[in-house]
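Position one of the sequence shown corresponds to residue 45 (my numbering), numbered consecutively onward.
Okay, so here's the structure we're looking at.
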Amino acid sequence: MADPTTTTTTTHHTTTTTSHSNDLTTSSSSLHREAQASPLAAPATGLHSAAPLEEKELRPDAVDRSAATPPDYSDADKAEKAGIVRSDDGHHVVPVEASEQERQPPSWAKYLGPVWTFRRPIIHFIVFGLFTGWWIATLVVHRNDRNWVIPFLVWLAIMLRLLTFYFPARHVSNAIRFVWTRTVNPLVNLIPARFRLVAGAVGALAVILVGTFVSEEYEDNTRENRAISLFGLLVLIFVFWATSKHRSHINWRTVIVGMLSQYILGLFVLRTQVGLDIFQFIADRAGDLLGFARDGVAFLTDPVTAETPNFFFGVLPAIIFFVSICQVLFYVGFLQWFVGKFATFVFWLLGVSGAEAVVAAATPFIGQGESAMLVRPFVPYMTKAEIHQIMTCGFATISGSVLVGYIGMGFPAEVLVSSCIMSIPASLAISKLRYPETEETLTAGRVVIPEDDEHNKAENFLHAFANGAWLGIKIAGTIIASLLCIIAAVALVNGLLTWWGRYIDINEPIGPLTLQLILGYILYPVAFLLGIPRDNDGIYLLRVGRLIAEKIITNEFVAFLQLSDEDGPLYAMSPRARLIATYAICGFGNIGSLGIQIGILGQLAPSRGGDVSRLAFSALVSGVMATLSSAAVAGLVVTGQLQVDA
């Protein structure tokens with residue numbers, strides 16, 4: 045594996061500007077020096093949509109507002125947020141880091157900034173004392189059990205954050221880099237360059253084989269079933285390699301490390317008690333969040349209605365409340381900080397561009413549309429592979445707001461949370477198999493999360509919370525409208541198919557002719573390759589195939605409702621089959637989301653609408669298969685300790 049550092053390339057240009065005045069010469073030279081000195085500067089040649097720009101007067105603090113390609117990027121706000129300036133030769137687009145004056149801090153910083161600057165050590169000491177006292181108290185109370193572990197981890201995280209205020213984190217990263225370059229790199233260099241890829245693939249396969257077949261068998265989880273799941277995973281990789289857009293450009297490091305990371309995450313969650321406890325803790329906190337939303341519903345209606353297990357009262361309020369919380373976290377800067385750190389790790393581990401890393405890291409938390417908003421200024425300049433990637437990430441997983449809704453429906457929270465995380469590296473790996481990168485990316489070698497004007501409009505916490513509530517209502521309304529229209533449209537098509545099928549005696553026992561029945565039979569071998577047990581003459585395989593078809597044609601909401609129906613045929617399946625089925629439908633990969641992503645990206649970059657539309661179906665298939673790969677991994681590593689009883 046390469047050195048875990050973020051490489052930055054700076055492009056130097058020869059100043060050839062023809063000056064019309066001394067001011068113009070001075071301005072152009074100053075701007076050029078700023079571009080050269082910027083640590084975020086990237087190669088200017090080979091960028092997608094980079095075109096010669098019109099000549100115009102440049103000011104030292106100005107950004108270029110005359111880019112002719114793409115047309116939608118001429119808007120001043122978009123250009124300014126992207127940090128796009130014109131170089132001295134007038135022919136290249138150079139990304140530069142915004143100056144401190146250009147970065148407008150949140151309004152709360154205007155008032156708390158002076159207090160924080162002069163009182164920071166005192167505030168830190170108070171925080172240290174409070175949390176240390178709390179941690180010691182938990183040690184005393186829980187000295188005979190393991191309930192002190194979570195408080196210790198919370199205390200440790202806060203203490204490490206306080207230390208970074210006085211001891212920069214770069215000292216730690218430099219130490220890690222020092223150890224890495226003197227231990228791992230020499231070992232890698234011992235392997236001839238032409239054999240390193242093969243060695244990495246063999247090593248990853250060896251880890252998967254050992255982790256899969258060493259553990260003991262269970263009645264519902266035999267080694268034969270695990271072998272089928274492994275075979276299905278290999279078939280998936282082979283099919284995407286065979287249908288790759290540019291096979292010779294596949295970055296196998298991303299593919300191998302991505303699939304291996306997915307497997308290790310699954311192994312950690314489903315095989316170890318520590319991993320299960322950690323994800324259970326996260327899931328319990330998500331459940332608590334859902335409970336707070338129920339309190340609001342109880343106030344607006346009554347306690348009985350708040351406990352009603354239906355979609356309108358059980359799911360939508362949690363979504364609205366979660367979006368409000370996210371807006372507040374964005375307002376204080378925590379969400380950007382967390383996503384940025386996570387994206388940096390993804391960027392280093394998998395070797396993708398900065399924009400791809402940001403979207404991949406954010407999608408499980410804030411959703412398929414909102415994650416693209418984090419890199420909005422770069423969308424018009426993204427390569428086709430990057431557009432394919434960010435769409436695949438959106439289809440492969442679900443958002444945190446929807447997650448709490450599914451927890452409210454009774455599904456195991458640790459399964460849903462682990463599925464979201466496992467699908468991140470899988471979506472990166474599969475997308476890079478299907479559509480490898482062949483162009484120079486604008487965010488190569490760096491991770492950047494630009495500020496969003498809409499979030500900066502909030503004047504205080506209450507304003508941010510109110511904005512989030514309104515955004516949550518719009519999202520909930522979109523979900524309701526989408527569900528209503530899509531379910532009605534599917535019912536219309538199914539009605540026509542049933543009417544036609546009745547004349548050729550397609551009815552019981554397999555059921556009437558519907559889209560779900562047709563696609564269910566097509567996905568029958570897919571259900572087999574996931575490792576669904578072949579019980580009852582393959583009835584389970586057909587049921588899971590139809591469930592996946594329901595998720596693709598309608599959406600995952602309807603599929604989860606069918607899986608949780610105690611009177612339905614899916615509820616009687618074995619625990620292994622239900623677990624794999626839960627992983628298989630835990631993603632936004634459906635026809636409705638296809639329209640949502642095309643609409644969002646089309647609004648962010650109208651000039652790229654054609655590329656988005658052409659790549660959308662491929663990204664949908666890639667996202668669906670990334671979700672199914674998580675189901676196959678669950679079939680590899682699940683033991684008898686985890687049951688799915690929605």
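Virtual Cβ for every residue (Gly too), placed ideally from N, Cα, C.
Quantities reported herein were computed from a predicted structural model and do not represent experimental measurements.
Residue closest to residue i, alpha-carbon to alpha-carbon, out of the options
| i | options | result |
| --- | --- | --- |
| Gly255 | Leu314, His215, Ile300, Asp189 | Leu314 |
| Glu484 | Phe196, His293, Leu174 | His293 |
| Asn599 | Asp609, Arg578, Ile629 | Ile629 |
| Thr558 | Phe604, Glu458, Leu540 | Leu540 |
| Ser463 | Ile369, Gly247, Phe382, Leu623 | Leu623 |
| Asn191 | Ala342, Leu379, Val318 | Val318 |
| Arg240 | Leu320, Phe336, Arg297, Ser673 | Arg297 |
| Leu680 | Ala525, Arg270, Met453 | Arg270 |
| Gly654 | Gly244, Ile431, Ala535 | Ile431 |
| Ile566 | Arg578, Trp543, Arg590 | Arg590 |
| Leu527 | Phe355, Met203, His168 | Phe355 |
| Ile410 | Leu393, Gln380, Tyr615, Tyr425 | Gln380 |
| Ile596 | Ala350, Phe572, Ser618, Ile531 | Ile531 |
| Asn295 | Phe632, Pro619, Glu481 | Glu481 |
| Gly639 | Val656, Gly512, Tyr615, Val299 | Val656 |
| Gly338 | Ala350, Phe169, Trp543, Arg578 | Inspection of the sequence shows that residue 338 is occupied by Arg rather than by Gly. Taking only the C-alpha atoms, the option nearest Arg338 is Ala350. |
Proximity below 8 Å, CB of residue i to CB of residue j
| i | j | result |
| --- | --- | --- |
| Phe455 | Thr671 | no |
| Ala416 | Val403 | yes |
| Ala660 | Met435 | yes |
| Val446 | Leu645 | no |
| Ser305 | Pro469 | yes |
| Val359 | Gly449 | yes |
| Leu418 | Val372 | no |
| Ser662 | Tyr479 | yes |
| Val461 | Ile363 | no |
| Ala401 | Phe391 | yes |
| Ala676 | Gly575 | yes |
| Phe284 | Ile474 | yes |
| Val279 | Leu573 | yes |
Reduced DSSP category for residue i - H, G, I as helix; E, B as strand; rest coil
| i | result |
| --- | --- |
| Val140 | Summary for Val140: the model assigns pLDDT 45, below 50, so the residue's position carries little reliability; its value from the coordinates is reported in the next sentence. Coil. |
| Thr70 | Residue confidence for Thr70 is low, a pLDDT of 42 falling below 50, so the modelled location carries little weight; the figure read from the coordinates is stated next. It is helical. |
| Ala675 | helix |
| Glu483 | coil |
| Thr262 | The question names Thr, yet the displayed sequence has Tyr at residue 262. Note: Tyr262 maps to strand in three-state DSSP. |
| Thr182 | helix |
| Trp381 | helix |
| Tyr307 | helix |
| Glu503 | coil |
| Trp192 | coil |
| Leu102 | Residue confidence is low: Leu102 scores 34 on pLDDT, short of 50, so the model does not pin down where it sits. Its coordinate-derived value is still stated next. Three-state DSSP puts Leu102 in coil, outside helix and strand. |
| Val359 | coil |
| Thr388 | helix |
| Gly636 | helix |
| Asp609 | coil |
| Phe661 | helix |
| Ser397 | coil |
| Leu557 | coil |
| Leu573 | helix |
Buried versus exposed, by CB contacts within 10 Å (16 or more), residue i
| i | result |
| --- | --- |
| Tyr307 | buried |
| Ala678 | buried |
| Ala603 | buried |
| Pro230 | exposed |
| Leu234 | exposed |
| Lys385 | exposed |
| Cys437 | buried |
| Glu503 | exposed |
| Tyr425 | buried |
| Asn218 | exposed |
| Arg238 | exposed |
| Arg163 | exposed |
| Pro408 | buried |
| Arg291 | exposed |
| Asn188 | exposed |
| Ala85 | Only weak support is given to the placement of Ala85: the predicted model assigns it a pLDDT of 38, under 50, and the value that follows is read from those uncertain coordinates. Looking at its Cβ environment, which holds 16 or more other Cβ atoms inside 10 Å, Ala85 is buried. |
| Val348 | exposed |
Neighbour flag for residue i against chain B, beta carbons, 8 Å
| i | result |
| --- | --- |
| Asp346 | Given the protein chain composition of this structure (a single chain), no chain B is represented. |
TODO: Assess, as a yes-or-no matter, whether the region 548 to 565 is touched by the region 245 to 259 under the definition of 3 or more beta carbon pairs within less than 8 Å.
DONE: no
- [ ] Tell me, please, whether the region 580 to 587 touches the region 530 to 549 by the rule of three or more beta-carbon pairs shorter than 8 Å.
- [x] no
Open item on the list: Does the region 436 to 446 come into contact with the region 652 to 672, if we say contact requires no fewer than three beta-carbon pairs (one atom in each stretch) closer than 8 Å?
Closed with: yes
Open item on the list: Assess contact between the region 171 to 179 and the region 188 to 200, defined as three or more Cβ pairs (one per stretch) separated by less than 8 Å. Is contact present?
Closed with: yes
Open item on the list: Check whether the region 512 to 532 and the region 364 to 379 touch, using three or more Cβ-Cβ pairs below 8 Å as the test.
Closed with: yes
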